[in-house]
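Colleague: Structure below; questions to follow.
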Amino acid sequence: MQGQHISTELIQAIEGSQVLIAIFSKNYANSSWCLQELAKMLDCSTKVATPILLPIFYDVSPSEVRKQREVYGKALVEHEERFKHDSEMVQQWREALVQVANLSGWDIQNKQESVEIEKIVKRARSILSSNSLSVDGLVGMQSRVEELENLIDFNSNREEVRVVGICGMGGIGKSTLAKVIYGRSLHQYSARCFVDDISKVFREDGLLSLQKQFIHQITNGEISEIFNHYEANRLIRTTLRHQKSLIFLDNADEVGQLQKLGLTRDCLCPGSRVIVISRDRHVLKSFEPDEIYDAQLLNEDESHELFCRKAFKENTIMSCDDISKEYRDLTDLVLEYAQGLPLAIEILGSFLRHRDISEWRSALARLRNNPKKEIVDIFQMSFDALDSLEKEIFLDIACFFNHGYKYNVPKLLDYRGFHPNIGLSVLIDKSLITFEYEDGVRMHDLLQEFGRSIVRQSAPNEPWKWSRIWSAKDLQRIMFEDMVMDDVKAIRLRREYISGKTRNTTSTGEILSRMRRLEFLIIEDGSFSGSLNSMSNELRYFEWEFYPFTYFPSSCKLSKLFELILPFSYIKQLWEGTMCLDNLKILDLSYSENLVKIPNLSGAPNLEELILKGCTKLKHIHPSTGDLTKLVKLDLIGCTSLLSFPITVFGITSLRSVSMNGCSSLFSGEKSENGSENAVQQDNHLFCLWKPSLSCLSCLYELDLSYCNLYSIPDAIVTLHHLEFLRLRGNNIVRVPDFINKLPRLRVLNLDHCKRLMYISEFPLPLLTEERLKYDFRRLSMFNCPKVVERISGMAVSWMRKCIKVIDEKFNLSLVFVLPGSGIPRWFNHQSEGGGDSMRIESFPNLNDNKWNGIALCAQIQTHYNPAASTLLEHRNSIYLQIYHPPSREANELTFVCYTGEMNVMTGELVHLCILYISRQLFISFKEGHGIQEELGCLEFYFSSYPSPFDIEVKKWGMRVVLNEDMEEASSDGY
């Protein structure tokens, strides 16, 4: 048979084996058949990695095989002569001999054969009974295995110890993935072990038992008698220091477990690999891993494939008949419930296998309130490992805050005394929640149901004994229980929908009065009858949209209340007299259209935000408001009936934002009902009265005096040295005074709809200097100012060039000007007539070329107003500059341009110039943010509007790549 190819049967036998043994003898290399077998065995063990290749050196040394000396060298020379036509095959044999001789095996020369054979048999049995799995048949495993193996870096040429963690929630498949990796790689290491559930061994059998198991595996069963920790530590260090090791430790759950085991980096031989599996990222970090792999949920296709394998017969193909369609629909519901968690999909699929449609429906109806025990047990382990406050945070998120905004949830948890900064970090580390950019706090729906089941199980069918209530249905069940309820501490009733309609449930206000320990209440929707006479003195947070009562209970003591949020309420007056609200930070009564006056707020000395926008009948702000020394935000937008306002408010040094948009009655020149000094003549006498107080506003950065019937910009504003946003839309202003550009920090000036505006002698924004570059944009908006006579587009370009000249090239900067006019300045050297929806740059400059600063754009736009739009005061249409990268099909909002204005002041068609500058660094940020690897090449710019009442038509475009040389002469010539 020598010289012939090995048989197909032998190839199949090699490929189907779990253990391959190559026995090298003096005459081994003489046989081309043996060398073909060896090459095939090596190929299987490295490519598929399921078979383990074990070399035995019978009467030759590993060195003789590896270096191909003496008889091996002579045999290979003869093969090269014999197979001249296939020299590549012989070279493969040579390489196979080198690689296999480097593997861990047995050199049994001059040793007792029976003893060595016993060791070999033990090793083979150990492999056959190991924890390894094959990637074959495991859904979605191949890509995950490849990604993790790249992190572990098995094939690295660097002789270094490498530690990698595998992290993820319970049931996500961490252990399964680890066992596959272990099986593919263990043959490369002379010492190896896979310890299952080390936390359980620690907890139930103790450290010594774990050390015995560890030593038994790394010595291949040669050492089993160990009597103390000192001896165990010595053996571990001695064994691992001289052998390249592969170590997998599953389910570590305590910091320091590796150190207690006696396993540290300095005791490991170079080239060793340690993989630690845990649900707790903090535990993994304590091991100082080189990498942490985050196990991923299955995607939609993988979930469907796994479920069908478990739930249906092998090779089942679902047809389109009615019964199969029913199964497909129910399958979608199961997968929606499981959300890609492999454990849940396997358990549910196996449970539903061989069951009919009616049983499937029944099982699914039961799952929401009664999750499968096997799933609950996995989650219970994670929950039990939490401290008491962390458990409270977990239950609050499960009941109330899943998908909650990440900036609000910590605040609300803090109000309840749960110390959320550390608590949320622990939950993230333990893979129980995540923070996502759009969703905020995110918890897997199965974990959410598990958390809610914990609350329900405290008193099944007795919701009045639960700590938390999240369903209007359960609140209604409580309504008929005439008793004091001391167990309910938190309620959140979200909007509930059935077939597209809001669920209409009616409860009585008296229910809430009986909850004496209620700390937290959010009611987003629902119908309530009766009255609300008192509230728990323990309340920390009270939010009720469309609060149905005309008053707020004043008999209770709310000294622990932090926020009172009552938007769109029916309240006429909050309370008579003064309430003790020592901790109140936010009072929000926005759009409470029946509210007439604000009560005495002297009992709320720590109030930071007073939000009254849209309170159209509000006439009086109580004088005590001027004594709120910690007030930061005052919002009076749309308070069109406001007559009296305490001047002392402008003496509050903590104020940062004041919005009086639409308070036209306050500036109309009428006397207040009590005759107090609040009259304003057209010379803005009121601001003269306020001027001494305005100078105290050292922190004010935002002032909105839009639609206040002003005839000039009050010169008292010049004292606001920290002002950044000044909005004066819709006033009767004729001239922009020169002092505006002396406000050193001003970056946004909005003069939209000042239809009488005519004169601008200087550009009304302070010039950027190096000291002011901490701000990333400047914006001047003069939308719908038809009487402006100066050619201010030239001013804008000149000012822009002067600013760019002092800008650091690494600075993210955008400059935006919306001005009346129609002609594109000549400075924009690339112009297109006839408009078009977008401007395309076919050859975009190289972002690494620092010879250019940015891109300047100019567009003549025409807006078409749709009169069918809403007329709400704040319902404004917005215009954005969008950027589109055709090769990657990535689009993004590059910068906000302007509000086109309130709908009720818009008519017909309007023509404006939009002049914009976008720095090179902003384009770099766009490229990096979208993961675009190649050069940008070409880009398109276009305008978009939101919401829809406006159509935007671009009549002309102009563009200029702003080079360094353009900044040498920053003058306005040639415009």
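So the mapping is simple: our numbering equals the position in the sequence shown, first residue as 1, plus 419. Glycine included, every Cβ here is placed at the ideal spot set by N, Cα and C. This structure is a prediction, so every number in the text was calculated from the model and none was measured.
1) Between which residues of its own chain and Ser918 is the CB-CB distance below 7 angstroms, once the five residues before and five after are set aside?
2) Based on Cα-Cα distance, which residue from Lys1161, Glu1012, Ser1009 lies nearest to Ala1135?
3) Classify Ala1275 as buried or exposed, calling it buried when 16 or more other Cβ atoms lie within 10 Å of its own Cβ.
4) In the DSSP output, which residue or residues are listed as bridge partners for Glu710?
5) Assess, as a yes-or-no matter, whether the region 807-814 is touched by the region 778-786 under the definition of 3 or more beta carbon pairs within less than 8 angstroms.
6) Report the CB separation of Asp1396 from Met1201 in whole angstroms; it is logged as a contact under 8 angstroms.
7) I want to know whether the region 654-673 touches the region 609-622 - three or more CB-CB distances under 8 angstroms.
8) Give me the Cα-Cα distance between Leu659 and Glu578, rounded to the nearest whole angstrom.
9) Can you tell me which of Glu938, Glu964, Phe971, Phe947 puts its alpha carbon nearest to the alpha carbon of Leu958?
10) Compute the Euclidean distance between the alpha carbons of Val564 and Phe573, then round it to the nearest angstrom.
11) With three or more C-beta pairs closer than 8 angstroms as the rule, is the region 1143-1154 touching the region 1114-1133?
12) Tell me which residue opens and which closes the beta strand (DSSP E) that Met1258 is part of.
13) To the nearest angstrom, how far is the alpha carbon of Leu717 from that of Cys1357?
14) Tell me which residue opens and which closes the alpha helix (DSSP H) that Pro761 is part of.
15) Please report the Cβ distance between Trp1271 and Arg1339, rounded to the nearest whole angstrom; I am assuming they are in contact, meaning their Cβ atoms lie under 8 angstroms.
16) Going by CA-CA distance only, name the one from Ser850, Arg835, Gly1057, Leu866 that's closest to Tyr756.
17) So for Glu1384, helix, strand or coil by DSSP?
18) State the start and end residues of the unbroken alpha helix (DSSP H) segment that holds Val903.
19) Suppose you measure from the CA of Gln511 to the CA of Glu499; what does that come to, to the nearest Å?
20) Whose C-beta lies closer than 7 angstroms to the C-beta of Lys487 among residues of the same chain, with five residues either side of it excluded?
21) Spatial neighbours of Gly589 within its chain, please: CB distance less than 7 angstroms, with the 5 preceding and 5 following residues excluded, ordered by chain position.
22) Under 8 angstroms: do the region 829-837 and the region 685-703 share three or more Cβ pairs, one atom per stretch?
23) Would Ala432 be called buried (16 or more neighbouring beta carbons within 10 Å of its own) or exposed?
24) Going by DSSP, name the residue or residues bridged to Pro1239.
25) The beta strand (DSSP E) spanning Glu474 covers which residue range?
26) Write down the C-beta distance between Ile1421 and Tyr966 rounded to the nearest angstrom, noting that I regard them as a contact closer than 8 angstroms.
27) Among residues of its own chain, excluding the 5 on either side of Ser1009, which ones have a beta-carbon nearer than 6 angstroms to its beta-carbon?
28) Could you check how far apart the C-beta atoms of Lys979 and Asn952 are, in whole angstroms? I think they sit under 8 angstroms.
29) Assuming Ile696 contacts Asp669 (C-beta within less than 8 angstroms), just tell me the rounded distance between them.
30) Determine the closest residue to Ile1066 out of Lys1049, Ser1076, Trp525, Thr1044, with distance taken between C-alpha atoms.
31) Roughly how far, in whole angstroms, is the beta-carbon of Thr1314 from the beta-carbon of Ser1233, given that I think they are within contact range, below 8 angstroms?
32) For the alpha helix (DSSP H) containing Tyr960, name the first residue and the last one.
33) Alpha carbon to alpha carbon, what distance is there between Leu752 and Lys744?
34) Just to confirm the assignment: which complete alpha helix (DSSP H) runs, minimum length 4, are found wholly within the region 502-549?
35) Could you compute how far the alpha carbon of Val484 sits from the alpha carbon of Glu855?
36) Report yes or no: do three or more beta-carbon pairs, one from the region 1013-1022 and one from the region 1036-1043, lie closer than 8 angstroms?
Modeller: So, to answer that:
1) Interpretation of Ser918 is limited by its pLDDT of 37, a score under 50 that renders its predicted location unreliable; no figure is taken from the coordinates.
2) Nearest option by C-alpha distance: Lys1161.
3) Answer is buried; the Cβ neighbour count reaches 16.
4) Per DSSP, the beta bridge partners of Glu710 are Val583.
5) Touching, no.
6) It is not possible to answer for residue 1396, since the shown part of the chain is limited to 420 through 1394.
7) With the cut-off at 8 angstroms, the region 654-673 and the region 609-622 touch.
8) So the two alpha carbons sit approximately 15 angstroms from each other.
9) If we check each option's Cα against that of Leu958, Glu938 comes out closest.
10) Near 12 angstroms, if we compare the C-alpha coordinates of Phe573 and Val564.
11) Under the 8 angstroms Cβ criterion, the region 1114-1133 counts as touching the region 1143-1154, having at least three qualifying pairs.
12) Per DSSP, Met1258 belongs to the beta strand (DSSP E) from 1257-1260.
13) The alpha-carbon atoms of Leu717 and Cys1357 are separated by roughly 37 angstroms.
14) Note, Pro761: alpha helix (DSSP H), 761-771.
15) Under the criterion of beta carbons closer than 8 angstroms, Trp1271 and Arg1339 qualify as touching, at roughly 6 angstroms.
16) Out of Ser850, Arg835, Gly1057, Leu866, Leu866 has the C-alpha closest to the C-alpha of Tyr756.
17) Helix, per DSSP.
18) It is not in any alpha helix (DSSP H) - Val903 carries neither H nor E in the DSSP assignment.
19) Cα to Cα, the separation comes out at about 11 angstroms.
20) According to the sequence as given, residue 487 is Gln; it is not Lys. In the same chain as Gln487, and ignoring 5 residues on each side of it, the C-beta atoms closer than 7 angstroms to its own belong to Leu495, Arg513, Leu516, in chain order.
21) Excluding positions up to five away in sequence, the list reads Arg698, Ile797, Phe798, Met800, Ser801.
22) They do not touch, by the three-pair rule.
23) Here Ala432 is exposed. Its C-beta has fewer than 16 other C-beta atoms within 10 Å.
24) His1331, per the DSSP bridge assignment.
25) What sits at residue 474 in the sequence shown is Pro, not Glu. Per DSSP, Pro474 belongs to the beta strand (DSSP E) from 471-476.
26) Outside the displayed range of the chain (420 to 1394) lies residue 1421, so it cannot be described from this structure.
27) Excluding positions up to five away in sequence, the list reads Pro986, Ile1030, Lys1032, Gly1033.
28) Not quite, the Cβ-Cβ distance comes to about 19 angstroms (not below 8 angstroms), so this is no contact.
29) Their Cβ separation, rounded to whole angstroms, is 5 angstroms, which keeps Ile696 and Asp669 in contact under 8 angstroms.
30) Relative to the Cα of Ile1066, the nearest Cα in the group Lys1049, Ser1076, Trp525, Thr1044 belongs to Thr1044.
31) For a cut-off of 8 angstroms, the C-beta gap from Thr1314 to Ser1233 is around 4 angstroms, short enough to register as a contact.
32) Looking at the DSSP string, Tyr960 is not in any alpha helix (DSSP H); the run it does join, the beta strand (DSSP E), is 960-963.
33) Cα to Cα, the separation comes out at about 13 angstroms.
34) Whole alpha helix (DSSP H) segments, 4+ residues: 506-520, 532-547.
35) Taking the CA atoms as reference points, Val484 sits about 57 angstroms from Glu855.
36) Result yes; three or more Cβ-Cβ pairs closer than 8 angstroms.
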